[in-house]
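Numbering (my numbering), first residue to last: 41 to 392.
By construction, the Cβ of each residue, glycine as well, lies at the ideal position given by its N, Cα and C atoms.
Take a look at the structure below.
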């Protein structure tokens with residue numbers, strides 16, 4: 041299939057029917073036109089991207105999959121980290137897959153509009169695609185919506201978190217501390233937040249959870265949960281967090297803090313303990329400084345005092361030899377006389 045082909049056009053070899061196949065009804069699968077269309081799209085993508093990527097899509101430990109401009113395939117897995125494969129996908133197949141996705145979503149990706157960033161509505165996976173001329177050949181990156189949520193015990197068994205770190209985090213959850221998860225892009229911050237959510241619900245299943253995020257990544261198994269997503273430009277993350285105050289939540293979870301919504305989150309956390317959020321930062325201290333800078337985007341002065349009273353723990357996640365690792369767990373114990381943050385970390389050095 042080339043880019044000009046219509047990926048929605050009927051397959052000449054396929055049976056023509058205006059309703060679901062009776063055999064499919066008997067098997068309890070795809071009973072509506074939308075479901076049939078989704079299944080067909082998924083089948084087309086697997087055919088276009090090939091066996092290797094199909095296998096990776098079905099592997100519950102794989103979180104991200106990509107094809108570089110040279111055709112090489114890479115993936116990121118919870119237990120293996122970043123892996124480069126010798127397998128290749130032909131550029132025309134990547135281009136065809138991107139065209140299929142774009143058409144399904146009612147948009148387009150062409151040489152004049154060569155970037156596609158989208159979310160697949162049928163499984164929540166996030167797609168990033170790029171075409172020439174801004175790259176030498178078509179590329180695609182797919183962040184899967186987790187089919188399996190990894191627990192804190194999974195982290196321990198995989199060696200991603202040390203026993204001392206695990207104990208510290210669990211104690212913070214028991215105390216309803218507000219936890220900031222810090223790390224660079226791709227470090228696994230949201231995956232860790234989902235592990236925290238699993239632990240929160242397992243230990244206190246009757247609490248009410250409020251989730252606010254830009255993209256659908258948080259997964260909470262609680263029975264009583266309000267999950268909201270931004271709708272720019274009218275509804276921003278700060279609006280969602282402000283709304284949380286009217287929803288009677290026990291725990292307020294924010295997908296990622298980048299800007300002025302940080303102030304709303306800090307104010308919400310002053311009265312609702314037990315929250316969690318992710319932020320970009322290379323160290324716990326840099327994460328706190330970034331949080332303060334983000335809050336100031338709301339037009340207020342430094343909020344270091346509010347931060348010192350509101351944030352209780354910072355969990356640092358990094359890539360170590362290509363694998364995710366919880367490298368530091370620090371407790372924010374107020375401010376020094378000079379106004380700097382007082383971070384407590386004990387023995388071993390990374391644990392408070």
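Bridge-paired residues (DSSP) for residue i
i: residue 194; result: Answer is none; residue 194 lacks a bridge partner.
i: residue 155; result: 170
i: residue 275; result: 271
i: residue 400; result: Here the chain covers residues 41 to 392 and nothing more, so residue 400 does not appear.
i: residue 223; result: 320
i: residue 183; result: 104 and 166
Pairwise C-alpha distance: residue j and residue i
i: residue 80; j: residue 137; result: 13 Å
i: residue 369; j: residue 232; result: 13 Å
i: residue 181; j: residue 165; result: 10 Å
i: residue 105; j: residue 163; result: 15 Å
i: residue 318; j: residue 281; result: 14 Å
i: residue 341; j: residue 335; result: 8 Å
i: residue 183; j: residue 204; result: 31 Å
i: residue 149; j: residue 108; result: 17 Å
i: residue 241; j: residue 234; result: 11 Å
i: residue 332; j: residue 230; result: 21 Å
i: residue 349; j: residue 89; result: 50 Å
i: residue 83; j: residue 286; result: 43 Å
i: residue 376; j: residue 344; result: 11 Å
i: residue 217; j: residue 372; result: 11 Å
i: residue 325; j: residue 381; result: 8 Å
i: residue 267; j: residue 296; result: 14 Å
i: residue 351; j: residue 175; result: 42 Å
i: residue 111; j: residue 85; result: 16 Å
i: residue 78; j: residue 254; result: 24 Å
i: residue 97; j: residue 339; result: 44 Å
i: residue 441; j: residue 271; result: Residue 441 is absent from the model: the chain starts at 41 and stops at 392.
i: residue 307; j: residue 147; result: 39 Å
i: residue 125; j: residue 367; result: 27 Å
i: residue 330; j: residue 385; result: 20 Å
i: residue 198; j: residue 206; result: 13 Å
i: residue 23; j: residue 168; result: Lying before the first or after the last residue shown, residue 23 is absent from the chain, which here runs from 41 to 392.
i: residue 65; j: residue 87; result: Confidence at residue 65 is low in this model, with a pLDDT of 36, below 50, so its placement is unreliable and no value can be given for it.
Option in the options with minimal Cα separation from residue i
i: residue 226; options: 115, 94 and 162; result: 115
i: residue 145; options: 158, 200 and 186; result: 158
i: residue 294; options: 259, 340 and 338; result: 259
i: residue 238; options: 210, 222 and 252; result: 210
i: residue 410; options: 135, 361 and 289; result: It is not possible to answer for residue 410, since the shown part of the chain is limited to 41 through 392.
i: residue 328; options: 152, 379, 130 and 241; result: 379
i: residue 154; options: 122, 371 and 135; result: 135
i: residue 215; options: 98, 314 and 90; result: 314
i: residue 354; options: 207, 383 and 188; result: 383
i: residue 312; options: 167, 249 and 170; result: 249
i: residue 291; options: 339, 343 and 264; result: 264
i: residue 74; options: 99, 161 and 110; result: 161
i: residue 99; options: 120, 228 and 168; result: 120
i: residue 359; options: 86, 298, 177 and 224; result: 224
i: residue 130; options: 381, 92, 147 and 151; result: 92
i: residue 337; options: 309, 310, 177 and 299; result: 299
i: residue 228; options: 347, 87 and 362; result: 362
i: residue 309; options: 97, 339 and 346; result: 346
Proximity of residue i and residue j at Cβ, strictly below 8 Å
i: residue 365; j: residue 323; result: no
i: residue 316; j: residue 201; result: no
i: residue 304; j: residue 278; result: yes
i: residue 132; j: residue 113; result: no
i: residue 140; j: residue 118; result: no
i: residue 245; j: residue 262; result: yes
i: residue 252; j: residue 208; result: no
i: residue 213; j: residue 191; result: no
i: residue 222; j: residue 321; result: yes
i: residue 179; j: residue 170; result: yes
i: residue 103; j: residue 186; result: yes
i: residue 301; j: residue 276; result: yes
i: residue 122; j: residue 142; result: no
i: residue 172; j: residue 196; result: no
Residue i beta carbon near the ligand MG (any heavy atom closer than 7 Å)
i: residue 217; result: Although the ligand MG was asked about, the structure shown includes no ligands whatsoever.
Chain B within 8 Å of residue i, Cβ atoms only
i: residue 138; result: Absence of chain B from the displayed structure is noted, only one protein chain being present.
TODO: Jot down the residue ranges of each uninterrupted beta strand (DSSP E) in the segment 88-146, minimum 3 residues, whole runs only, in chain order.
DONE: 102-107, 112-117 and 121-128
TODO: May I have a chain-ordered list of the alpha helix (DSSP H) segments no shorter than 4 residues that lie completely inside the segment 343-378?
DONE: 344-350
Task: Continuous beta strand (DSSP E) assignments of at least 3 residues falling wholly in the segment 226-293 - done: 249-253 and 265-269
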